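The opening position of the sequence shown corresponds to residue 1 in the working numbering, with each subsequent residue numbered one higher. Where is the CB? At the ideal position from N, CA and C, for every residue including glycine. Note that the structure is a prediction, hence the values are computed from the model and not measured. A quick write-up on the structure given underneath.
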Amino acid sequence: MHTETPTSCPLCQPQDETLIWRDEQLRVIAVDDPAYPGFTRVIWNAHAAEMTDLPPAARAHLMQAVWTVEQALRDTLQPHKINLASLGNMVPHLHWHVIPRWQDDLHFPDPVWAAPKHDPARHVIWHDGRLKAIQARLPECHAHMRSALALR
């Protein structure tokens, strides 16, 4: 059982986040994972563990942000799939992972948290090909996210 409080919770006391956008209720950050360009987290600012801890309007606000981030990733990076995950097992603070996926990424079709596929051809294709091109589009992607989130 986790016993984190707002003073010990890493999402309540963020350090070294790459902030893309924020409002009074939530923030959107870029996750520093070189193998998964575009990996984004939408974090509720107040310490809450579950979606049902929030009133309905707050839930809608959070999910609207998640969907806006998903659409921005799809528009700019054209992944094969987007994975959405809200686990909270390690850090029981409400947050959503928005993860663009490509068929040649190192874990596809398994979750990014699974053991990587051990296919040398896939590794070469991903690292020497598509990965660098996607990483180059991240500034455009983040700008698109900021614009779309500001319009909500």
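Item to complete: Would you mind stating whether LEU84 and GLU70 have Cβ atoms separated by less than 8 Å?
Response: Yes.
Determine, using beta-carbon pairs with one atom in the segment 25-40 and one in the segment 97-105, whether at least three such pairs fall under 8 Å. The segment 97-105 and the segment 25-40 touch, with three or more beta-carbon pairs separated by less than 8 Å.
| task | Identify the continuous beta strand (DSSP E) that holds VAL98 and give its terminal residues. | result | 95-101 is the span of the beta strand (DSSP E), which, as asked, contains VAL98.
Worksheet entry | Close-in-space but distant-in-sequence residues of the same chain around MET1 (CB under 6 Å, 5 per side omitted) | The pLDDT assigned to MET1 is 39, lower than 50, so where the model puts this residue is not dependable; a value taken from the coordinates is nonetheless given after this. So no residue of the chain qualifies.
For the beta strand (DSSP E) that contains VAL66, what are its first and last residues? Taken as a continuous stretch (DSSP letters only), VAL66 belongs to no beta strand (DSSP E), being part of the alpha helix (DSSP H) at 56-77.
(Q) Rounding to the nearest angstrom, what Cα-Cα distance links ARG59 and ARG74 in this structure? (A) Roughly 23 Å separates the two Cα atoms.
*Between which two residues does the alpha helix (DSSP H) containing ARG146 stretch?*
DSSP places ARG146 in the uninterrupted alpha helix (DSSP H) bounded by 138-151.
| query | Name the DSSP beta bridge partners of VAL42, please? | reply | According to DSSP, VAL42 shares a beta bridge with VAL28, TRP96.
Can you tell me whether HIS80 is buried or exposed, with buried defined as 16 or more other CB within 10 angstroms of its CB?
-> Exposed, by the Cβ-count rule.
Exercise. Residues in its own chain within less than 6 Å of ALA148 by CB, not counting five upstream and five downstream?
Worked result: THR68, ALA72, listed in sequence order.
- Since LEU94 contacts TRP44 with CB under 8 Å, what's their CB separation in whole angstroms? Indeed they touch by this definition, with Cβ atoms about 4 Å apart.
Worksheet item: Buried or exposed: where does THR3 fall if 16 or more other Cβ atoms within 10 Å of its Cβ makes it buried?
Response: Residue confidence for THR3 is low, a pLDDT of 48 falling below 50, so the modelled location carries little weight and cannot support an answer.
Counting along the chain, where does the beta strand (DSSP E) carrying LEU187 start and finish? Limits of the chain in this structure are 1 at one end and 152 at the other, which puts residue 187 out of reach.
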